[in-house]
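Report on the following structure.
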Amino acid sequence: MKSFNKATYLKSEQRYLSLIFFLFGIAIMSLAPRTPDLKANLNINNGTFGSLLGSASIGSIIMLLIGGQIVHRIGSKRSLQIGSTAVAIVYTGLVHTSSPVLFLILNILAGASISIYHIATSGHSLHRQDEVGAVIVPKLHGAWAVGAMSTSAIAFLISNLVSIATHITILMLVVWLLTQICINKLAPTFAENPTSDDDYQATSITQFKFKINWFLSLGFFCATVLEFTIADWATLFGKEELGMNSSVATLCYLTCLIGLIVGRYSIGWALNHQSEQFWIKTGGLVGGIGFTAMATSSLLLVDSSRNLAFALAFIGFFLAGLGCSALAPIFFSIAGRFSNGKNALAVAQLSFINAVIMFISRLVLAWIVELTSITIAFVIASCAMLSLVYFGRIGASSRANI
Numbered sequence: 071m072k073s074f075n076k077a078t079y080l081k082s083e084q085r086y087l088s089l090i091f092f093l094f095g096i097a098i099m100s101l102a103p104r105t106p107d108l109k110a111n112l113n114i115n116n117g118t119f120g121s122l123l124g125s126a127s128i129g130s131i132i133m134l135l136i137g138g139q140i141v142h143r144i145g146s147k148r149s150l151q152i153g154s155t156a157v158a159i160v161y162t163g164l165v166h167t168s169s170p171v172l173f174l175i176l177n178i179l180a181g182a183s184i185s186i187y188h189i190a191t192s193g194h195s196l197h198r199q200d201e202v203g204a205v206i207v208p209k210l211h212g213a214w215a216v217g218a219m220s221t222s223a224i225a226f227l228i229s230n231l232v233s234i235a236t237h238i239t240i241l242m243l244v245v246w247l248l249t250q251i252c253i254n255k256l257a258p259t260f261a262e263n264p265t266s267d268d269d270y271q272a273t274s275i276t277q278f279k280f281k282i283n284w285f286l287s288l289g290f291f292c293a294t295v296l297e298f299t300i301a302d303w304a305t306l307f308g309k310e311e312l313g314m315n316s317s318v319a320t321l322c323y324l325t326c327l328i329g330l331i332v333g334r335y336s337i338g339w340a341l342n343h344q345s346e347q348f349w350i351k352t353g354g355l356v357g358g359i360g361f362t363a364m365a366t367s368s369l370l371l372v373d374s375s376r377n378l379a380f381a382l383a384f385i386g387f388f389l390a391g392l393g394c395s396a397l398a399p400i401f402f403s404i405a406g407r408f409s410n411g412k413n414a415l416a417v418a419q420l421s422f423i424n425a426v427i428m429f430i431s432r433l434v435l436a437w438i439v440e441l442t443s444i445t446i447a448f449v450i451a452s453c454a455m456l457s458l459v460y461f462g463r464i465g466a467s468s469r470a471n472i
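If you're matching positions, the sequence shown starts at 71 in our numbering and goes up one per residue.
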């Protein structure tokens, strides 16, 4: 990209930017399929474990208040380098500790690291989408989902053979090295003087008070809560409630990610046939009703027909992923339109409100799991997703608006 023209989207840029999202997905979702091992390391109950997992939102909330300003000041390139390095270090620490207190501290730092990475990647990709005048963000989200699926596939293959400490340590090192290579390859696409780009200036703490679109924010929460809940509890659901072994239990989350990938790579096609409103509402119905029906059926049948129960559970997780797939990209695009092109502001603000609500909901759901079951937590998250039938009106009513 030595003769880089900001109005063109070269194949080389597409490849390396997709790899950035792919590697991001591998890194930050690497622990999801191995939650039983994390819990065993800490030797705690489900309520405490879920609360510790939710503590990452504290770091996200803090970073989303200041992360936009950091990215605006030092640029997306430097922010990506810092974020990816921090993720690699902190995730390695998470799998080497048996102390709940140290895990809490590290997980808060993990949330902060992920958030600055997220703001930098999303802000930069939305910026480039505006510059080239073509839809590129949905496929990048698809690359992220492929990365997340890949990390689950790795866990499926090695979880019975390799300790979580060895697995994550080696994975983080490889992913970090590849990420630095991709960032350097993309160097010409980053703004030379990010502080001069006022259209993408990030928000300040005081601006959050006055520019919150609550209807959009609550809709986005309902669109993402099931995805977060599944990431936290899918593998434990398979192992503890359906009696799967460690390797097979990882397939619960893996099938969800397959649904995410299928949906995210089909968004462009889908929006040429129906509107944002239609797909938001349809996603809520497919994810909410489909997942709940399959998950509860699997529990009812597990004692009498184990294989059928497992199959129904996997179908349910696939439907959940499919229902969730288009929602985050669509909501980010809607937020970008509402912010008059200030995409870093839109991403940071929408993500901040979601992190606050998600932190509270993850804590509540963790103790619901402890007092009742993982299934009940899934049903509650599915009901929230069903409310997208109401919140779907936030989207455009005409076709191809993403």
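Cβ coordinates follow ideal geometry from the N, Cα and C atoms, glycine included.
**Q.** Rounded distance between the beta-carbons of A235 and H343, thought under 8 Å
**A.** The residue given as residue 343 occupies position 273 in the sequence shown. The residue given as residue 235 occupies position 165 in the sequence shown. Their Cβ separation, rounded to whole angstroms, is 47 Å, which puts H343 and A235 out of contact at 8 Å.
Q) Mapping DSSP to helix, strand and coil, what is S345? A) Along the sequence shown, read from residue 1 onward, the residue named residue 345 stands at position 275. In this structure, S345 counts as strand in the three-state DSSP scheme.
Q: Could you tell me if L227 is buried or exposed, where buried requires 16 or more neighbouring beta carbons within 10 angstroms of its beta carbon?
A: Numbered from 1 along the sequence shown, position 157 holds the residue referred to as residue 227. L227 should be labelled exposed.
Q: Let me know the secondary structure DSSP gives N111 once reduced to three states.
A: Counted from its first residue, the sequence shown places residue 111 at position 41. Three-state DSSP puts N111 in a helix.
Q: Could you tell me the distance, in whole angstroms, from the CA atom of I400 to the CA atom of N111?
A: Sequence index remark: in the sequence shown, residue 400 carries index 330 (1-based). Sequence index remark: in the sequence shown, residue 111 carries index 41 (1-based). So the two alpha carbons sit approximately 38 Å from each other.
Q) Count the other CB atoms within 10 Å of the CB of D302; is the residue buried (16 or more) or exposed (fewer)? A) On the sequence shown, position 232 is the one that residue 302 refers to. Under this definition D302 is a buried residue.
Q. Rounded C-beta distance between L327 and A215? I'm assuming under 8 Å.
A. Working through the sequence shown from its first residue, we reach residue 327 at position 257. Working through the sequence shown from its first residue, we reach residue 215 at position 145. L327 to A215, Cβ: 6 Å. Contact.
Q.
Using the Cβ count rule (16 or more neighbours within 10 Å means buried), how would you classify S82?
A. By one-based count along the sequence shown, residue 82 stands at place 12. By the 10 Å Cβ count, S82 comes out exposed.
Q | Touch test, the stretch 356-371 against the stretch 383-393, Cβ-Cβ under 8 Å, three pairs minimum | A | yes
Q: Could you check which residue in V232, L256, L231 and T249 has the C-alpha nearest to that of S195?
A: Against the sequence shown, residue 195 aligns to sequence position 125. Among V232, L256, L231 and T249, the Cα nearest to that of S195 belongs to L256.
Q. By a C-beta neighbour count over all protein chains shown, 10 Å radius and 16 as the cutoff for buried, is I300 buried or exposed?
A. On the sequence shown, position 230 is the one that residue 300 refers to. The residue is buried, with at least 16 neighbouring Cβ atoms inside 10 Å.
Q. At what residues does the alpha helix (DSSP H) containing K76 begin and finish?
A. Translated into the one-based positions of the sequence shown, residue 76 becomes position 6. Counting along the chain, K76 falls outside any alpha helix (DSSP H), and DSSP gives it neither H nor E.
Q.
Suppose contacts are defined by Cβ-Cβ distances below 8 Å. Is A447 in contact with L435 by that definition?
A. Start at 1 with the first residue of the sequence shown, and residue 447 comes out as number 377. Start at 1 with the first residue of the sequence shown, and residue 435 comes out as number 365. In this structure, L435 lies closer than 8 Å to A447 by Cβ.
Q. In three-state DSSP terms, what is N283?
A. Within the sequence shown, the letter at position 213 stands for residue 283. Of the three classes helix, strand and coil, the one that applies to N283 here is coil, per DSSP.
Q) In whole angstroms, what separates the C-alpha of S121 from that of T445? A) Taking the sequence shown and counting its residues from 1, one reaches residue 121 at position 51. Taking the sequence shown and counting its residues from 1, one reaches residue 445 at position 375. If you take the alpha carbons of S121 and T445, they lie about 17 Å apart.
(Q) Do T249 and T162 count as a contact pair if the criterion is CB distance below 8 Å? (A) Looking up residue 162 in the sequence shown gives position 92. Looking up residue 249 in the sequence shown gives position 179. It is not a contact, given that the beta carbons lie outside the stated cut-off.
Q: Using 10 angstroms around the beta-carbon of T78, count the other beta-carbons present and answer buried if the total reaches 16, otherwise exposed.
A: Reading the sequence shown from its first residue, position 8 is the one you call residue 78. The residue in question, T78, is exposed, as its Cβ has fewer than 16 Cβ neighbours within 10 Å.
Q. Roughly how many whole angstroms lie between the Cα atoms of I206 and A223?
A. Taking the first residue of the sequence shown as position 1, residue 206 is located at position 136. Taking the first residue of the sequence shown as position 1, residue 223 is located at position 153. If I take the Cα positions, the gap works out to 26 Å.
Q) In this structure, does DSSP put S185 in helix, strand or coil? A) The residue you call residue 185 lines up with position 115 of the sequence shown. Note: S185 maps to helix in three-state DSSP.
Q: Assign N85 to one of two classes, buried (16 or more other C-beta atoms within 10 Å of its C-beta) or exposed (fewer than that).
A: Counting from one through the sequence shown, the residue named residue 85 turns up at place 15. Looking at the sequence itself, residue 85 is Arg, so the reference to Asn does not match. So R85 counts as exposed.
Q: Take the Cβ of W246 as the centre, count every other Cβ of all protein chains shown within 10 Å, and call the residue buried at 16 or more, exposed below.
A: Residue numbering aside, residue 246 sits at position 176 when the sequence shown is read from its first letter. Answer is buried; the Cβ neighbour count reaches 16.
Q) Where do the N-terminal and C-terminal ends of the alpha helix (DSSP H) with K147 fall, by residue? A) One-based indexing of the sequence shown puts residue 147 at position 77. Run containing K147: A126 to L164, per the alpha helix (DSSP H) assignment.
Q. Going by the beta-carbon positions, is the gap between L458 and G360 smaller than 8 Å?
A. For the purposes of this step, residue 458 is identified with residue 388 of the sequence shown, where counting begins at 1. For the purposes of this step, residue 360 is identified with residue 290 of the sequence shown, where counting begins at 1. Their beta carbons are not under 8 Å apart, which means L458 does not touch G360 by this criterion.
Q) What separation, rounded to the nearest whole angstrom, lies between the Cα atoms of W284 and F291? A) Looking up residue 284 in the sequence shown gives position 214. Looking up residue 291 in the sequence shown gives position 221. So the two alpha carbons sit approximately 10 Å from each other.
Q. Buried or exposed: which applies to D107, given that a residue is buried once 16 or more other Cβ atoms fall within 10 Å of its Cβ?
A. Start at 1 with the first residue of the sequence shown, and residue 107 comes out as number 37. With 16 or more Cβ atoms within 10 Å of its Cβ, D107 is classed as buried.
Q: Give me the Cβ distance between S125 and I178, rounded to the nearest whole Å; I'm assuming they're in contact under 8 Å.
A: Residue 125 sits at position 55 when you count from the first residue of the sequence shown. Residue 178 sits at position 108 when you count from the first residue of the sequence shown. Their Cβ separation, rounded to whole angstroms, is 5 Å, which keeps S125 and I178 in contact under 8 Å.
Q: Enumerate in chain order the residues of its own chain whose CB-to-CB distance from I132 is below 7 Å, with the five nearest sequence positions on each side excluded.
A: Translated into positions along the sequence shown, residue 132 becomes position 62. A182, listed in sequence order.
Q: Classify F119 as helix, strand or coil using the three-state DSSP reduction.
A: What you label residue 119 is simply residue 49 of the sequence shown in a count that begins at 1. Helix at F119.
Q: Inspect the CB distances between the stretch 84-101 and the stretch 136-147 and report whether three or more fall short of 8 Å.
A: no
Q: Could you tell me if V171 is buried or exposed, where buried requires 16 or more neighbouring beta carbons within 10 angstroms of its beta carbon?
A: Along the sequence shown, read from residue 1 onward, the residue named residue 171 stands at position 101. V171 is exposed by the Cβ-count criterion.
Q | Selected residue, minimal CA-CA separation from G313, among S192, A416, G406 and A383 | A | Counting from 1 along the sequence shown, the entry for residue 313 is found at position 243. Looking at the Cα atoms, A383 is the closest of the given residues.
Q. Straight-line CA distance for M455 to T294?
A. One-based indexing of the sequence shown puts residue 455 at position 385. One-based indexing of the sequence shown puts residue 294 at position 224. Whole-angstrom Cα-Cα distance: 8 Å.
Q) How about I446: is its C-beta nearer than 8 Å to some C-beta of chain C? A) Included in the structure is just one protein chain, with no chain C present.
Q: With a threshold of 16 other CB atoms inside 10 Å of the CB of I98, please say whether the residue is buried or exposed.
A: Here residue 98 is taken as the residue at index 28 of the sequence shown, counted from 1. Per the 10 Å Cβ criterion, buried.
Q. With respect to the alpha helix (DSSP H) encompassing R376, which residues constitute its N-terminal and C-terminal limits?
A. Here residue 376 is taken as the residue at index 306 of the sequence shown, counted from 1. Looking at the DSSP string, the run of the alpha helix (DSSP H) that includes R376 is R376 to S395.
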